[in-house]
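Asker: Numbering that gives the first Met the number 0 numbers the first residue of the sequence shown as 0 and each following residue consecutively. Each residue gets a CB set at the ideal place from its N, CA and C atoms; glycine is no exception.
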Amino acid sequence: MSKTLGLLTVLGSLVLPLTVHAQFQVLDSTRVLTIHGTVAADEKAAQKIGYDAISIGFTGAPADAMTWVGVVAAMAFDGDAFEGRNILQTLDGYTPNLLASGKADLIAKIRNASSGSRLVINGILDPSRNFLVASVRVIPAP
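1) At what residues does the alpha helix (DSSP H) containing Phe81 begin and finish?
2) Whose C-alpha, out of Val71, Ala112, Ile48, is nearest the C-alpha of His35?
3) Ignore the nearest five residues each way along the sequence and tell me which others in Lys43's own chain have a CB closer than 8 angstroms to its CB.
4) Residues in its own chain within less than 6 angstroms of Gln58 by CB, not counting five upstream and five downstream?
5) Express the C-alpha separation of Ser113 and Ile120 in angstroms, rounding to a whole number.
6) How would you call Leu136, buried or exposed, if buried means at least 16 neighbouring beta carbons within 10 angstroms?
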């Protein structure tokens with residue numbers, strides 16, 4: 000009995016930190032996020048680029064108005080790429096993954112970027128997946 004209790008205690012001490020860490024990863028507050036990626040024609044093409052494919056919808060636009068981006072890097076406020084990747088993982092399962100809002104000229108840069116163009120998007124992501132875009136840099140496709 001005491002051997003079983005000891006084993007359960009050890010197992011609990013190993014599992015509890017993982018559970019707490021997993022709960023911390025749920026997007027429960029606003030986060031500054033920078034995304035580096037390449038615009039793709041569709042989800043399948045975006046999946047071939049980088050490590051994640053995200054869809055960016057636009058506030059006030061029809062649901063099918065999306066831009067697919069193959070993400071090659073994502074960073075949280077302090078440049079933490081691991082946290083940036085975790086933030087994107089919390090958005091998996093939603094279509095679109097992000098709902099971009101902000102100044103019309105910044106949104107137009109994302110919306111009108113041609114397939115193959117590289118984007119660097121910086122903004123604030125809130126828990127409801129609204130992404131307030133602060134800056135967009137477009138590097139045209141070669």
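Answerer: Reading from the atomic positions:
1) 80–89
2) Val71
3) none
4) The question names Gln, but residue 58 is Thr in the sequence shown. Same-chain partners within the cutoff: Leu98, Ser100.
5) 15 angstroms
6) A small correction: the amino acid at residue 136 is Arg; Leu does not occupy that position in the sequence shown. By the 10 Å Cβ count, Arg136 comes out exposed.
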